[in-house]
């Protein structure tokens, strides 16, 4: 990169993390959270089923960090994200155990009468 830049940032302006907030802790969110946990130690040199790139733009899968989550389902609100991804009406396949993440699902705004 030019001028001491890495990942499009000047040196010292970021800590190498991609912070993600989830709005709607449904089946897609469940697969995403499980996948990030499952592939966090994947080798950048190996072909990994289910991933096109382990490292993209200088960021590894393990650099993704969940920092907030919102939902309207009372069965998910207040739970740790690792628990909420399997709660309520979610029915996606559980392919790995996810340890506590430390992100409590907050109540989202209801705009469509659901919840």
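Numbering (this note's numbering), first residue to last: 458 to 572.
Heads up, the beta-carbon is just placed ideally off N, CA and C, and yes, glycines get one too.
| Item | Value |
| --- | --- |
| Any idea if residue 563 is buried or exposed, counting beta-carbon neighbours within 10 angstroms, 16 or more meaning buried? | exposed |
| What's the call for residue 530, buried or exposed, on a 16-neighbour Cβ count within 10 Å? | buried |
| Sort 493, 545 and 547 by Cα distance to residue 507 and report the nearest one. | 493 |
| Among 567, 558 and 516, which residue has its Cα nearest to the Cα of residue 473? | 516 |
| Would residue 526 and residue 482 be called neighbours here (beta carbons separated by less than 8 Å)? | yes |
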